[in-house]
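**Student:**
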Amino acid sequence: MRIAAVLHDRCQHRKCNKECINFCPKMRTGVEAIVIGEKGKPIISEELCAGCGICVNKCQFDAIRIIGLADELKTEMVHHYGENMFRLYRLPVPKKGVVTGILGPNGIGKTTAIKMLSGIEIPNLGNFREPPTKDQVLQHFAGTELYDYLLSVYKGNIKTAMKPQYVDKIPLTTKGVVRDLLTRVQERMKVNEAAEMFELTDVLDRDLDKLSGGELQRVAMAATLMKDADVYFFDEPSSYLDIYQRVKMARHIKKLSEEKQVIVIEHDLAILDFLADNVNVVYGTEGAYGVFTLPRQVRTAINVYLDGYLPEENIRFRDRPIEFEASPPRSEWNTGSLLQYDTLEKDFKEFRLKVNGGTINVGESIGIVGPNATGKTTFVKMLAGAIAPDKGKLDAKVKVSYKPQYISADYEGTVNELLSSAAFDTVRSGFFQSEVIVPLGMRPLMEKSVKNLSGGELQRVAITLCLAREADIYLFDEPSAYLDSNQRMNAAKTIRRMMEKSGKSGMIVDHDIYFLDMVSDSMMVFGGDPGHSGIGDGPYPMRDGMNRFLKAVDITFRRDADTRRPRINKPESRLDREQKSVGEYYYAAD
65 MRIAAVLHDR
75 CQHRKCNKEC
85 INFCPKMRTG
95 VEAIVIGEKG
105 KPIISEELCA
115 GCGICVNKCQ
125 FDAIRIIGLA
135 DELKTEMVHH
145 YGENMFRLYR
155 LPVPKKGVVT
165 GILGPNGIGK
175 TTAIKMLSGI
185 EIPNLGNFRE
195 PPTKDQVLQH
205 FAGTELYDYL
215 LSVYKGNIKT
225 AMKPQYVDKI
235 PLTTKGVVRD
245 LLTRVQERMK
255 VNEAAEMFEL
265 TDVLDRDLDK
275 LSGGELQRVA
285 MAATLMKDAD
295 VYFFDEPSSY
305 LDIYQRVKMA
315 RHIKKLSEEK
325 QVIVIEHDLA
335 ILDFLADNVN
345 VVYGTEGAYG
355 VFTLPRQVRT
365 AINVYLDGYL
375 PEENIRFRDR
385 PIEFEASPPR
395 SEWNTGSLLQ
405 YDTLEKDFKE
415 FRLKVNGGTI
425 NVGESIGIVG
435 PNATGKTTFV
445 KMLAGAIAPD
455 KGKLDAKVKV
465 SYKPQYISAD
475 YEGTVNELLS
485 SAAFDTVRSG
495 FFQSEVIVPL
505 GMRPLMEKSV
515 KNLSGGELQR
525 VAITLCLARE
535 ADIYLFDEPS
545 AYLDSNQRMN
555 AAKTIRRMME
565 KSGKSGMIVD
575 HDIYFLDMVS
585 DSMMVFGGDP
595 GHSGIGDGPY
605 PMRDGMNRFL
615 KAVDITFRRD
625 ADTRRPRINK
635 PESRLDREQK
645 SVGEYYYAAD
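The sequence shown begins at 65 in this note's numbering and counts up by one.
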């Protein structure tokens with residue numbers, strides 16, 4: 065079976081010479097395999113297409129996909145958005161007593177699937193011109209587990225609750241203070257109980273548009289758990305949360321699953337491994353198609369995802385496996401010192417920060433961990449020169465390239481113009497193209513307007529822009545935000561590789577343990593009273609830093625025997641107790 069997809073957000077039909085039509089062998093012989101639609105976009109006939117792939121390679125905006133799929137999927141199409149548009153195959157099924165995870169890249173139908181399972185959207189079964197009724201949908205799924213579930217949803221016998229993906233849009237749709245929002249949904253628990261559970265007591269009377277991303281996420285989680293529903297959907301619940309809050313959130317979801325049906329979409333693999341019981345891997349091509357696989361036990365599912373190969377379907381969906389180091393990164397440095405700093409202090413009256421003195425070595429990648437609101441971003445800004453410390457000094461003049469935590473999309477122009485204006489020669493060099501542009505998937509974005517980019521696309525542009533500037537030290541504040549699991553691994557490897565090959569130093573603030581494990585040589589640890597005071601220590605060797613950090617979080621890690629990826633030990637398990645007894649929180653091999 066062959067499908068053709070035109071990615072409308074990438075197709076720049078006014079800027080091209082219709083290469084897809086002019087180079088198509090079928091068109092040259094008089095067969096109209098491609099025509100121009102009403103909106104000026106090409107429409108490719110899947111019946112007439114020869115599958116040569118010339119149009120795919122000739123399209124300068126990477127907007128066309130010609131894909132061969134197994135014939136067995138013909139009868140398993142769940143939804144088709146339109147001619148040459150996205151298709152979804154199969155759906156997961158919620159189960160009581162377990163947390164069902166969904167793991168896959170952005171843009172391949174995960175959010176669409178949970179909308180269908182919640183009854184918000186009705187599957188069209190591939191018939192987008194004359195969508196079927198609910199009865200016809202049920203008839204299609206007759207005899208399957210999905211039939212019983214959808215029948216209950218359509219009859220109103222199942223009540224669903226959904227935590228939205230983009231919590232930063234909540235203030236745009238809901239006005240008022242936090243207490244007002246939570247009061248409207250207090251069914252399973254009262255406002256004060258939920259506020260205490262998610263550490264919202266101090267912000268109950270604050271306007272929603274004055275909340276940070278982490279606070280909005282916790283409000284969304286509280287509002288969802290307060291509802292009395294049968295099935296709960298959590299779309300990316302760890303975004304904006306620090307590792308402490310992520311572990312707490314995961315424990316709340318696991319407890320909820322003991323009596324309810326729960327489905328979670330999550331890109332933080334360590335947290336997904338910790339909270340999920342079964343996982344549906346989703347593979348496909350962004351904007352073209354997505355296929356849900358059958359559920360697997362969580363360890364097996366994540367390992368399959370990292371390996372990129374589905375043995376029972378003989379499908380390889382990644383060119384090469386994602387690999388982790390079998391031992392901790394190097395702990396001793398023979399390179400010279402790039403930057404030394406005294407003990408730095410900054411007093412904002414309502415918040416005080418103290419960072420003990422330390423040294424940054426040439427070529428070193430330093431991970432920075434700790435709770436939100438303990439001064440990590442403030443410290444990075446002091447190194448970048450954006451904030452002057454009240455006490456202490458930096459003993460060297462270094463050039464800094466800084467990627468901020470919150471990214472603005474107010475640039476008028478395309479991604480190509482933005483990058484070229486910052487570092488024209490660097491961006492066009494062969495080294496930068498092969499080491500940054502290609503691994504981060506930047507080429508399809510180059511002609512897109514910066515204002516029209518999604519959160520993940522904007523994050524990749526910001527990382528690329530930071531790396532493109534000439535500097536001695538590169539500072540990245542939460543570079544994994546908005547990125548899916550694939551993109552996070554690619555970004556971590558890209559940053560690490562650039563630091564090693566260019567001999568530059570990097571500092572990376574993030575909350576994703578997998579990301580930090582792949583990118584860091586050493587670790588800085590922040591603590592204190594969030595929102596009131598913060599203290600930073602380090603850099604420490606990787607093992608020492610991670611042990612200090614994980615002890616404060618009260619979790620231990622081991623390495624998976626097959627992939628060497630970090631895995632959170634089950635609380636009070638034998639390995640968890642053994643590692644805590646000897647102070648080895650970072651990991652032990654399986």
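By construction, the Cβ of each residue, glycine as well, lies at the ideal position given by its N, Cα and C atoms.
#1: Thinking V479 and K512 are a contact (beta carbons under 8 Å), I'd like their distance in whole angstroms, please.
#2: Does the separation of the CB atoms of Y538 and V464 fall below 9 Å?
#3: Whole-angstrom Cβ separation of F356 and Y153, contact assumed at under 8 Å?
#4: Applying the 10 Å Cβ sphere with the 16-neighbour rule, what's the burial state of F412?
#5: Measure the beta-carbon distance from V346 to V362 and round it to whole angstroms, keeping in mind my assumption that it falls under 8 Å.
#6: When DSSP builds the beta bridges, which residues end up paired with H144?
#7: Is it buried or exposed for L531, if we count other Cβ within 10 angstroms and need 16 for buried?
#8: Could you have a look at I559 and say whether DSSP puts it in helix, strand or coil?
#9: Distance check for E564 and G207, CA to CA, integer angstroms please.
#10: Return the first residue and the last residue of the alpha helix (DSSP H) that N611 is part of.
#11: Is the stretch 448 to 459 in contact with the stretch 406 to 426, if contact means three or more CB pairs nearer than 8 Å?
#12: Look up P630 in the DSSP assignment and give the residues it is bridged to.
#13: For the beta strand (DSSP E) containing Y650, name the first residue and the last one.
#14: Between which two residues does the beta strand (DSSP E) holding I537 run?
#15: Would you report the Cα separation of Y650 and I572, rounded to the nearest angstrom?
#16: In whole angstroms, give me the CA-to-CA distance for L403 and G439.
#17: Could you check where the beta strand (DSSP E) with Y466 kicks off and where it finishes?
#18: For V157, does the three-state DSSP call read helix, strand or coil?
#19: Indicate the three-state DSSP secondary structure (helix, strand or coil) for P392 in the structure shown.
#20: Can at least three beta-carbon pairs, one atom from the stretch 304 to 320 and one from the stretch 234 to 251, be found at a separation below 8 Å?
#21: Have a look at the DSSP bridge pairing and note the partners of G354.
#22: In the DSSP assignment, find the unbroken beta strand (DSSP E) run with G591 in it and report its ends.
#23: Cβ-heavy atom distance between V525 and the ligand NAD below 8 Å?
#24: Since D585 contacts E387 with CB under 8 Å, what's their CB separation in whole angstroms?
#25: Skipping 5 residues on each side, what residues in its chain have a beta carbon closer than 7 Å to that of A114?
#26: Work out the CA separation of N611 and V648 for me, nearest whole Å.
#27: So for S472, helix, strand or coil by DSSP?
#28: Which residues in the same chain have their Cβ closer than 6 Å to the Cβ of A487, if we skip the five residues on either side of it in sequence?
#29: Looking only at its own chain, which residues have a Cβ that is under 6 Å from the Cβ of L268, when we skip the five neighbours before and after it?
#30: Closest to R252 by C-alpha separation, out of Y296, E279 and L210, would be which residue?
#31: Tell me whether the beta-carbon of K105 lies closer than 9 Å to the beta-carbon of H72.
#32: Check for me: the beta strand (DSSP E) holding D299 runs from which residue to which?
#33: Counting C-beta neighbours from all protein chains within 10 Å, is the total for P635 16 or more, i.e. buried, or is it exposed?
#34: Beta carbon of V162, beta carbon of I317: below 9 Å?
#35: Give me, in chain order, the residues of the same chain whose beta-carbon lies closer than 6 Å to that of A69; leave out the 5 immediate sequence neighbours on both sides.
#36: Thinking A314 and F338 are a contact (beta carbons under 8 Å), I'd like their distance in whole angstroms, please.
**Tutor:** Well, looking at it:
#1: The pair is a contact, with the Cβ atoms about 6 Å apart (cut-off 8 Å).
#2: Yes, the Cβ-Cβ distance between Y538 and V464 is below 9 Å.
#3: Contact between F356 and Y153 holds: their C-beta atoms lie close to 7 Å from each other, under 8 Å.
#4: With fewer than 16 other Cβ atoms from the protein chains shown falling within 10 Å of its own Cβ, F412 counts as exposed.
#5: Not a contact, Cβ separation roughly 15 Å.
#6: DSSP lists R151 as partners of H144.
#7: Per the 10 Å Cβ criterion, buried.
#8: The answer is helix: DSSP assigns I559 an H, G or I state.
#9: Taking the Cα positions, G207 is about 56 Å away from E564.
#10: Start and end: M606 to V617.
#11: Judged by Cβ distances under 8 Å, the stretch 448 to 459 makes contact with the stretch 406 to 426, as three or more pairs qualify.
#12: Looking at the DSSP assignment, P630 forms a beta bridge with R623.
#13: Note, Y650: premise wrong, no beta strand (DSSP E); not H, not E.
#14: Per DSSP, the unbroken beta strand (DSSP E) holding I537 starts and ends at I537 to D541.
#15: As the crow flies, the alpha-carbon of Y650 is around 19 Å from that of I572.
#16: In this model, L403 and G439 are separated by some 20 Å (Cα to Cα).
#17: Start and end: V464 to K467.
#18: In the structure shown, the three-state DSSP call for V157 is coil.
#19: Annotation note: pLDDT 47 at P392 (below 50); position unreliable, coordinate value reported separately. It is coil, neither helix nor strand.
#20: Counting Cβ pairs under 8 Å, fewer than three are found: no touch.
#21: DSSP, once it has assigned bridges, lists L152 and G348 as partnering G354.
#22: Unbroken beta strand (DSSP E) run through G591: S586 to D593.
#23: The ligand NAD is not part of the structure shown, which contains no ligands of any sort.
#24: The C-beta distance from D585 to E387 rounds to 17 Å, too long to fall under 8 Å, and the pair is not in contact.
#25: So the qualifying residues of the chain are P89 and K90.
#26: Residue 648 is actually Glu in this sequence, not Val. Going from the Cα of E648 to the Cα of N611 covers about 6 Å.
#27: For S472, the three-state secondary structure derived from DSSP is coil.
#28: Excluding sequence neighbours, A487 sits near A532 and R533.
#29: Shown here for L268: same chain residues with a beta carbon closer than 6 Å to its own, the five before and five after excluded, namely V242, R243 and A259 in chain order.
#30: Scanning Y296, E279 and L210 for the CA closest to the CA of R252 turns up Y296.
#31: In this structure, K105 places its C-beta atom within 9 Å of the C-beta atom of H72.
#32: Residues V295 to D299.
#33: Here P635 is exposed: its Cβ has fewer than 16 other Cβ atoms, across all protein chains shown, within 10 Å.
#34: With a cutoff of 9 Å on beta-carbon distance, V162 and I317 are scored as not near each other.
#35: For A69, the CB contacts under 6 Å within the same chain, skipping 5 residues up- and downstream, are R129, N148 and A352 in chain order.
#36: About 5 Å separates the two Cβ atoms, so the contact holds.
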